[in-house]
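Chemist: Submitted below is the structure of interest, expressed as structure tokens.
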Amino acid sequence: MSFFEEKNPEMDRYLEMHASSEPEILRKLRRETFQKTTQPHMISGYQQGRLLTIVSQMMQPKNILEIGTFTGYATLCLMTGLAKEGKITTLDVNEDLAYLPRKYFAESEYSNQIDFRLQDAKEFLKETDEVFDLVFIDADKENYAEYFRLIKPRTKSGSVVMFDNVLWYGKVLEEDPKQKSTQVIKELNDLAANDDDFENLILPLRDGVNLLRRK
Ligand SMILES: C[S@@+](CC[C@H](N)C(=O)[O-])C[C@H]1O[C@@H](n2cnc3c(N)ncnc32)[C@H](O)[C@@H]1O
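Numbering (this note's numbering), first residue to last: 39 to 253.
As structure tokens, this is what we get:
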């Protein structure tokens, strides 16, 4: 349940009814996520999935990075615009749930283009020399500012980076937050807004998506 769903469930339903329909594989994956995981609210879900799909289809990226696979919902949305020879690297640290994304990736038409790794994202970003066209970051909030610093050198002009949950259920409005995750999300939003190499906008969709484009 997001900040906005809680505030206005009727409007949320209206938004959902007036967006294009969810592909069958994603509907199945969403259902199974709710049946089999203890924190199903972590899934990107319907509206955000549509956003990722449209951004990817507009960009036709060759190289995508996702931090925080969970059950693979966003991964499959991001795949829909991938260039013919393109690939996605998607990272998670939760071995117990890995069977779920593996199952759906194998079922999808993109199975050969998905590199699903059980690896800590900071470790990966420190090692890789790849440059990404599209990046979706939806993992441990306490590392968001560090992810921003590590991802920047891995982007080029035109690269798009999206951070999820940047309104943090409205807690970003707290002047002096005690919670570490709130402090770091605020730091990330400040970094994004003040970095002249990026243009950015926070979309108030669900729990907020910070959308950045490298100039
Ligand atoms: C909100 S969920 C991701 C949701 C997913 N993007 C989706 O669309 O359904 C966050 C995920 O980040 C993973 N995660 C947490 N810390 C991580 C880290 N240091 N590196 C990689 N993944 C991490 C968690 O295990 C969890 O599955």
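Even for Gly, the Cβ is constructed at its ideal location relative to N, Cα and C.
Does the segment 159-176 come within contact of the segment 135-143, defined as at least 3 CB pairs closer than 8 Å?
Modeler: Verdict: no, contact absent.
Chemist: Who are the near neighbours of Ile152 in its chain, counting only those whose CB is closer than 8 Å to its CB and skipping five residues on each side?
Modeler: Position 114 of the sequence shown, counted from the start, is the residue given in the question as residue 152. If we look at Ile152 and ignore the five residues flanking it on each side, its Cβ neighbours are Thr113, Met117, Lys125, Ile126, Thr128, Phe143 and Ser146.
Chemist: Taking contact to mean 3 or more Cβ pairs, one atom from each stretch, closer than 8 Å, check whether the segment 92-104 and the segment 73-81 are in contact.
Modeler: No, the segment 92-104 does not touch the segment 73-81.
Chemist: Can you tell me whether Gln86 is buried or exposed? The criterion is at least 16 other CB atoms within 10 Å of its CB, across all chains shown.
Modeler: Taking the sequence shown and counting its residues from 1, one reaches residue 86 at position 48. Gln86 comes out buried.
Chemist: Assuming Leu250 and Asn238 are in contact, meaning their beta carbons sit under 8 Å apart, how far apart are those beta carbons, in whole angstroms?
Modeler: For the purposes of this step, residue 250 is identified with residue 212 of the sequence shown, where counting begins at 1. For the purposes of this step, residue 238 is identified with residue 200 of the sequence shown, where counting begins at 1. Rounded, the Cβ-Cβ distance is 4 Å, consistent with contact.
Chemist: Could you tell me whether the Cβ atoms of Ile110 and Leu172 are closer together than 8 Å?
Modeler: Residue numbering aside, residue 110 sits at position 72 when the sequence shown is read from its first letter. Residue numbering aside, residue 172 sits at position 134 when the sequence shown is read from its first letter. For clarity, residue 110 is Gly in the given sequence; the question names Ile instead. For Gly110 and Leu172, no; Cβs fall outside 8 Å.
Chemist: Is Asp167 close to ligand 1? I mean its beta-carbon at under 7 Å from any heavy atom of the ligand.
Modeler: As a first step, residue 167 is located in the sequence shown; it is residue number 129 there, counting from the start. The answer is no for Asp167.
Chemist: Which two residues bound the contiguous alpha helix (DSSP H) that contains Arg65?
Modeler: The sequence position of residue 65 within the sequence shown is 27, counting from 1. Looking at the DSSP string, the run of the alpha helix (DSSP H) that includes Arg65 is Glu62 to Lys74.
Chemist: Is it right to say Glu48 is buried, meaning 16 or more other beta carbons lie within 10 angstroms of its own, or is it exposed?
Modeler: Working through the sequence shown from its first residue, we reach residue 48 at position 10. Glu48 comes out exposed.
Chemist: For Leu274, does the three-state DSSP call read helix, strand or coil?
Modeler: With the chain running from 39 to 253 in the structure shown, residue 274 is simply not present.
Chemist: Three or more C-beta pairs closer than 8 Å, one from the segment 203-214 and one from the segment 51-58: is that the case here?
Modeler: Touching, no.
Chemist: Among Glu161, Phe174 and Asn46, which has the Cα closest to the Cα of Ile102?
Modeler: As a first step, residue 102 is located in the sequence shown; it is residue number 64 there, counting from the start. The shortest Cα separation from Ile102 among Glu161, Phe174 and Asn46 belongs to Phe174.
Chemist: Going by DSSP, what residues sit across from Phe186 in a beta bridge?
Modeler: Residue 186 sits at position 148 when you count from the first residue of the sequence shown. Paired residue(s): none; Phe186 is not in a bridge.
Chemist: Going residue by residue through the segment 82-153, where are the continuous alpha helix (DSSP H) segments of at least 4 residues, counting only ones entirely within it?
Modeler: Within the segment 82-153, the complete alpha helix (DSSP H) runs of at least 4 residues are 83-97, 111-117 and 137-145.
Chemist: Do you know how far the Cα of Ser82 is from the Cα of Phe254?
Modeler: Only positions 39 to 253 of the chain appear in this structure, which leaves residue 254 out of reach.
Chemist: Would you tell me roughly how many angstroms separate the C-alpha atoms of Gly246 and Lys122, rounded to the nearest one?
Modeler: Here residue 246 corresponds to residue number 208 of the sequence shown, with the count starting at 1. Here residue 122 corresponds to residue number 84 of the sequence shown, with the count starting at 1. If I take the Cα positions, the gap works out to 30 Å.
Chemist: When the Cα atoms are used, what is the spatial distance from Phe236 to Asn227?
Modeler: If you number the sequence shown from 1, residue 236 lands on position 198. If you number the sequence shown from 1, residue 227 lands on position 189. Between Phe236 and Asn227, the C-alpha separation is close to 12 Å.
Chemist: According to DSSP, simplified to helix, strand and coil, what is Arg251?
Modeler: Position 213 of the sequence shown, counted from the first residue, corresponds to residue 251. It is a strand residue.
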